[in-house]
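Residue numbers (this note's numbering), protein chains in the order written: chain F, 56 to 535; chain V, 169 to 372.
Heads up, the thing below is written out as structure tokens.
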């Protein structure tokens, strides 16, 4: 019997309690309080991050082995809170402009955030499923948040039905694993799997179902079909949220799952991850070329980026895991910046979403154009931007693990992907200007954009700092 | 022993038959009724296994709530099931192929069903503490202690579901006349009634 210790859960508990308090304020004061609740939620994320840094970062397994806190969980949670903060800051003005500013939005974001933070700490297949559902359910509602719009409703329904399908697959996989090993606990699982001479086919089967379901959540090919439609249909601020945070949590969950309980059977899953990675990179690169809608383009870009991140997992090494963590951090910061620009694409009070709408931005709004150009260079991995280092460490890990095919494929698809990132720059700088966008950027959006660009440009000054932190965090997965 | 076997075959047989009828009968209301019959038989099977708590939950939750909800939806929404079926026929071949592949794979998996010797301890571990207790007592012992984390998490999930349902469906319509008891009570005759003296013969 383990001690009943809630200290490692303090950040989540804090978020849950404040989230409910915000809901009460919202119900009491109506939609006038949306702004207040947004900023209160943002403050809550900062406070939760401070609490997180305050609790002891030693390894702790509490609540009957359901919840595990270690360096990896701590660092991933910090990234998740950063992403929540960024997407809250990006959302406020956009929802106002679109006239869908309702107080439930930040509350749902907070609950999704709790789910994500619990996902990276899950130490039991049951806890994994519950945390995943908490996150997904909040996201389904957010996708359909603009009720009046058919597209948003379609996005919500599509996301919900495919999400339910993937949850079913995950549950079926878990039931097979439970059936063949008699346990749901990560620690017991790895202890059971380790001495096995031959792995029963049922366990492999369960693992395949589990991975397929989780691949839905990170939209890895061939489970990516929902992504472009949902990204396009959901309100843009929700798209930003989807692109920025949940995938990081899902990657964290997959990493813990594969590197801790299923580490002894890595031979069973590394080919799956290999395939997911290769296919995601290819589809992400080639399918994005023909996109005209920038939200769809970013959807394919996120598919491709998950492919790169998966290389680090396929490498099955501490270096690879560190590279994934670093890559996710850089991806989060770049994507926040890009969406700050996309959310500012408004003309005559209406949001526009086509790449051609960016034409001649360098003449109408030069600052916006230059920041977008920097972010696009970074996304395509051109040195000395941060995006380059993210890809560098990933490919390095692949080469260290002698996965030359995947590394070469990664480089080739990066080159292909560079085409569409650079095309945006070309449209902005060399095409005949389209009418200017409305007004100046609101403060919060400008802040996110500035910080993102500063990070992207400044990363080169001290790259070792983030690389070492990420590596230490990921090292926790391989400690046991 | 023989009664148990007979009960099993009776329940399993009716369950399979009603499951088949759920998807084949034309009238959707009959479908739902067969579904309810199926749930009852499944509950019976759980009782045979000695899992009386799950059996009761199955009846309460699935028959009591879910199936009745289905019945409401079927009867109250104007869904033309014949139209829904029309398009579905073209997907039957691919569905059969995928189903067959999945079935053969599952047969492969379950045909080698057997526990690795390493899992013996895992299987024994959860039952030791609960010798001689009924299902309900055993569950009650762990639900709020060992499993407090997923239990509370389930609470949060339901909470989010509730918020979601309200967000997506609640509309505040302007111009709806609502009764406000306080206003009604505070109303005085002098606020709304005006008594005028009308002179005789001056009316139009």
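Even for Gly, the Cβ is constructed at its ideal location relative to N, Cα and C.
Each residue's CA atom was taken as its position, placing residue 248/F and residue 64/F some 29 Å apart. Within the DSSP bridge table, the entry for residue 254/V names no partner. In this structure, the straight-line span from the alpha carbon of residue 86/F to that of residue 154/F is close to 11 Å.
Of all residues in the segment 244-263 of chain F, only 247, 250, 251, 255, 256, 257 and 260 place a beta-carbon less than 7 Å from a beta-carbon of chain V.
Between residue 316/V and chain F, the shortest Cβ-Cβ separation is below 8 Å.
Between the segment 293-313 of chain F and the segment 331-348 of chain F, the count of Cβ pairs shorter than 8 Å is below three; the stretches do not touch. Against residue 343/V, chain F offers no close residue; the least beta-carbon distance is about 18 Å (beta-carbon pairs closer than 9 Å). Distance from the CA atom of residue 279/F to the CA atom of residue 351/V, rounded to whole angstroms, is 56 Å. Residue pairing for residue 194/V: DSSP places it in no beta bridge. Closer than 8 Å at the C-beta level to chain V, one finds these residues of the segment 194-210 of chain F: 195, 196, 199, 200 and 202. Taking the Cα of residue 375/F as reference, the smallest distance to any Cα among 499/F, 456/F and 74/F is reached at 456/F. Against chain V, a Cβ distance below 9 Å from residue 237/F picks out 283, 287, 288, 289, 290, 291, 292, 293 and 294. Residue nearest to residue 71/F within the set 190/F, 89/F and 444/F is 190/F (criterion: CA-CA distance). Note on residue 174/F: 16 or more other CB atoms within 10 angstroms of its CB, so buried under the neighbour-count rule.
The alpha-carbon of residue 342/F is positioned some 7 Å away from that of residue 355/F. If you check each beta-carbon in the segment 153-167 of chain F against every beta-carbon of chain V, the ones closer than 9 Å belong to 157, 159, 160, 162, 163, 166 and 167. About 16 Å separates the CB atoms of residue 207/V and residue 193/V; that is not less than 8 Å, and the two are not in contact. Boundaries of the beta strand (DSSP E) around residue 122/F: 122-124.
Secondary-structure assignment with DSSP links residue 260/V through no beta bridge to anything.
Taking the C-beta atoms as reference points, residue 276/V is found nearer than 8 Å to residue 256/F. Membership of residue 115/F in the beta strand (DSSP E) is indicated by the continuous run 115-117. Annotation: residue 481/F to residue 223/F spans about 44 Å, alpha carbon to alpha carbon. Counting of Cβ neighbours within 10 angstroms places residue 422/F among the exposed residues, the total staying below 16. Pairing residue 306/F with residue 398/F gives a Cβ-Cβ distance that is not under 8 Å. Of the candidates 427/F, 364/F, 420/F and 385/F, 364/F places its Cα closest to the Cα of residue 462/F. Sequence-distant Cβ neighbours of residue 450/F in its own chain, meaning closer than 7 Å and more than five residues away, are 462, 465 and 466.
Counting only runs that start and end inside the segment 165-230 of chain F, the alpha helix (DSSP H) elements of at least 4 residues fall at 180-198.
Not flagged as an interface residue toward chain F: residue 247/V, since no C-beta distance is shorter than 8 Å. Taking C-beta separations shorter than 7 Å and ignoring five residues to either side along the sequence, the partners of residue 437/F in its chain run 443, following chain order. For residue 350/V, the nearest beta carbon of chain F is not closer than 8 Å to its own beta carbon. Listed along the chain, the chain V residues whose CB falls inside 8 Å of the CB of residue 182/F are 317, 318 and 321.
When 8 Å is used as the limit between beta carbons, residue 332/V is near these residues of chain F: 163, 192, 193, 195 and 196, in chain order.
Here the alpha carbons of residue 110/F and residue 62/F stand approximately 7 Å from one another. Per the coordinates, the alpha-carbon of residue 164/F lies some 25 Å from the alpha-carbon of residue 407/F.
Residues of the segment 109-124 of chain F with a C-beta less than 8 Å from any C-beta of chain V: 118, 119, 121 and 122, listed in chain order. Against chain F, the beta carbon of residue 276/V has neighbours under 9 Å at 256 and 260, listed in chain order.
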